[in-house]
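Residues in the sequence shown are numbered consecutively from 1, following full-length UniProt numbering.
C-beta: ideal position from N, C-alpha, C; glycine also.
Fair warning: this is a prediction, and the values are worked out from it, not measured in the lab.
I have placed the structure first, in the form of structure tokens, so that the comments after it can refer back to it.
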Amino acid sequence: MERLAETAARPLTVSAAARPLGGEIAVPGDKSISHRALMFAALARGVTRISGLLEGEDVLRTAAAMRALGADIRREGTEWVVESAGVQGFSEPSDVLDMGNSGTAARLLSGILSGLPFTCFMTGDASLRGRPMRRVTTPLSANGAVFVTRADEKLPMAIVGNGSPAPIVYRMPVASAQVKSAILLAGLNATGATRVEEPVATRDHTENMLRHFGVPVTIEADTRGGRVITLDGPARLTARDVIVPGDPSSAAFPIVAALLVPGSEIVISNVGLNALRTGLFVTLREMGADLTVVGERVEGGEPVGDLRVRAGVLRGVDVPPERAPSMIDEYPVLAVACAFAEGPSRLRGLAELRVKESDRLAATVALLTANGAAVHVEGDDMIVEGRQSGRPLGGGTVETRMDHRLAMSAIVMGLAASRPVTIDDTAFIETSFPGFVTLMNALGAGIGA
């Protein structure tokens with residue numbers, strides 16, 4: 001069932017798990033891949049069947065936007081079917097495209113729309129309307145598209161596309177998979193080579209999926225340690241079925257909960273293991289986590305496997321800044337793990353967290369501080385002092401700021417803390433992890449009991 005309407009706030013108080021977490025679960029489909037699967041299937045000529053699609057609010061907004069452009073998108077049993085005439089069948093939407101809470105959808109779709117011969121209007125919820133669009137509108141303007149925004153370059157936004165776009169050559173000032181993807185998508189309709197130079201390798205789902213839909217993409221290392229991605233256009237996509245693996249960013253929450261609740265042992269099946277998405281797993285192992293991969297395999301061009309997690313003592317860690325792109329969404333729940341670890345942790349190079357669904361850096365510090373953890377920020381680094389003798393954790397109220405990952409991180413904090421943790425709103429969890437509380441309770445969390 002599709003649900004696009006905004007919901008009322010859902011406050012929640014979470015107490016320590018009464019027993020160890022145990023069992024085998026599957027997390028929802030990867031959100032990044034789900035967005036791309038719907039977009040690329042709509043851009044392709046023919047019929048694409050998608051299995052494992054994340055049916056969260058963010059992804060449903062993408063489905064609605066691609067329908068508004070002209071694709072036929074429907075759910076058949078457990079699969080989603082996308083039937084399209086390709087980009088040639090797109091037409092100007094009759095209404096504003098409302099992207100809800102999804103920055104990924106808004107930015108990637110901006111790339112597609114920039115190369116189409118009509119005008120679209122885009123908006124989002126209060127959180128998305130507060131997030132910057134300049135990082136995509138600046139490079140995309142080079143193809144001849146015109147973007148009209150508020151004075152501070154935030155949504156709502158009008159996109160006046162250019163039906164004969166020029167190819168873009170752009171070196172990104174900071175690593176961003178969303179910006180890279182928007183430029184590559186703009187290049188599909190351009191004549192010539194579109195080239196993106198990224199200073200640090202970011203998640204490559206767009207490149208993988210372009211190849212899956214029949215579009216050649218070349219990737220080369222540059223002399224400065226980054227990568228150069230090139231796409232020759234115009235390029236036409238051919239419909240191909242897609243299997244969406246479990247989202248490693250969603251798996252992060254039951255993983256950390258199982259590591260922190262004494263005696264826990266869980267298995268999470270079919271999790272995506274793309275090396276550009278697994279920085280958290282690397283970091284947790286450096287902290288001493290008992291986290292192993294079973295049955296590694298490849299599905300739909302992406303590596304997947306089953307994760308076995310056992311509780312144990314964690315120690316502080318120093319996370320290098322170059323790891324940030326591979327775990328940018330996982331820092332709030334990692335910070336929770338660090339609060340329970342032995343010794344201090346330093347999480348470096350977190351500037352990108354300031355422009356997520358909320359200022360996640362400030363909000364994560366507030367989450368930990370409200371619940372008794374010692375934490376502070378130095379520049380773009382977060383320093384978490386770790387568990388301190390005689391200092392109980394928990395007992396605070398967390399302001400989620402319409403951010404689903406903060407809400408889930410606070411729930412994990414409550415399951416491991418000695419005092420209850422109150423979350424002001426858990427409604428936005430549905431944007432990325434529908435049924436999160438139900439799934440955690442299936443492991444024995446006892447949330448809301």
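Take ALA252 and list the residues in its own chain whose beta-carbon comes closer than 7 Å to its own, dropping the five residues that flank it on each side. Apart from the 5 residues on each side of it in sequence, ALA252 sits with its Cβ closer than 7 Å to the Cβ of LEU280, GLU330, VAL333 in its chain, given in chain order.
Give the single residue among ALA363, ARG346, ALA410, LEU188 whose Cα lies nearest to the Cα of MET382. Residue ARG346 is the option with its Cα nearest to MET382.
Beta-carbon spacing of ALA416, ALA18 below 9 Å: With contacts defined by Cβ atoms closer than 9 Å, ALA416 and ALA18 do not form a contacting pair.
If I'm right that PRO254 touches LEU443 with Cβ under 8 Å, what's the distance once you round it to whole angstroms? Indeed, because the Cβ distance is near 7 Å, the residues count as touching under 8 Å.
Out of PRO173, LEU140, ARG134, state which residue places its alpha-carbon closest to the alpha-carbon of LEU155. Check the Cα spacing between LEU155 and each of PRO173, LEU140, ARG134: the tightest is with ARG134.
Those runs of the beta strand (DSSP E) which lie wholly inside the stretch 152-181 and span at least 3 residues: Every unbroken stretch of the beta strand (DSSP E) spanning 3 or more residues and falling wholly within the stretch 152-181 is given here in chain order: 157-160, 169-171.
Is the beta carbon of THR400 less than 9 Å from the beta carbon of ALA339? With contacts defined by Cβ atoms closer than 9 Å, THR400 and ALA339 do not form a contacting pair.
Just the Cα atoms here: how many angstroms apart are ARG295 and LEU12? Correcting the residue identity first, residue 295 is Gly in this sequence and not Arg. C-alpha separation (whole angstroms): 36 Å.
DSSP has PHE121 in a bridge; who is on the other side? Bridge partners of PHE121: ALA158.
My understanding is that ILE183 touches TYR170, with C-beta atoms under 8 Å, so please give their C-beta distance in whole angstroms. Between TYR170 and ILE183 the Cβ distance is about 6 Å, and since that is below 8 Å, they are a contact.
Count the other C-beta atoms from every protein chain shown that fall within 10 angstroms of the C-beta of ARG74, then say buried if there are 16 or more, exposed otherwise. ARG74 comes out exposed.
Could you compute how far the alpha carbon of ARG391 sits from the alpha carbon of MET39? Straight-line Cα distance between these residues: approximately 49 Å.
What would DSSP say about GLY272, mapped onto helix, strand or coil? The answer is strand: DSSP assigns GLY272 an E or B state.
Run through DSSP, which three-state label would GLY305 get? Secondary structure of GLY305 (DSSP, three-state): strand.
Do you know whose CA, among GLY394, SER51, ALA64, GLN88, lies nearest ALA235's CA? Closest in C-alpha terms to ALA235, from the list GLY394, SER51, ALA64, GLN88, comes GLN88.
Please say whether ALA311 and LEU260 have beta carbons closer to each other than 9 Å? Cβ atoms of LEU260 and ALA311: closer than 9 Å.
GLY386 versus GLU342: straight-line alpha-carbon distance, rounded: GLU342 has its alpha-carbon roughly 6 Å from the corresponding atom of GLY386.
Nearest residue (CA-CA) to ARG10, options GLY70, ASN441, ILE411: For the residues GLY70, ASN441, ILE411, the minimum Cα distance to ARG10 belongs to ILE411.
Neighbourhood of ILE112 by C-beta distance below 6 Å, restricted to the same chain and skipping five residues each side: Excluding residues within five positions, the ones whose Cβ falls inside 6 Å are LEU185.
For my contact list, VAL424 and GLY246 are in at a C-beta cut-off of 8 Å; report their separation, rounded to the angstrom. Inspection of the sequence shows that residue 424 is occupied by Asp rather than by Val. ASP424 to GLY246, Cβ: 28 Å. No contact.
Name the one or two DSSP bridge partners that HIS376 has. Answer is ILE383, bridged to HIS376.
Between the stretch 119-127 and the stretch 93-109, do three or more beta carbon pairs fall short of 8 Å? Yes, the stretch 119-127 is in contact with the stretch 93-109.
Straight-line gap, ARG49 to ALA337 (C-alpha atoms, nearest Å): If I take the Cα positions, the gap works out to 38 Å.
I'd like to confirm the pairing. Which residues does DSSP put opposite GLY100 in its beta bridges? BP columns for GLY100 are empty, so no partner.
Does DSSP put ASN397 in a helix, in a strand, or in coil? The residue you asked about is not Asn; residue 397 is Thr in the sequence shown. In the three-state reduction of the DSSP assignment, THR397 falls in the strand class.
Cβ shell of GLY263 (< 7 Å), same chain only, five flanking positions each side left out: Here GLY263 has PRO20, ALA311 as same chain residues with Cβ atoms under 7 Å from its own Cβ, once five neighbours each way along the sequence are excluded.
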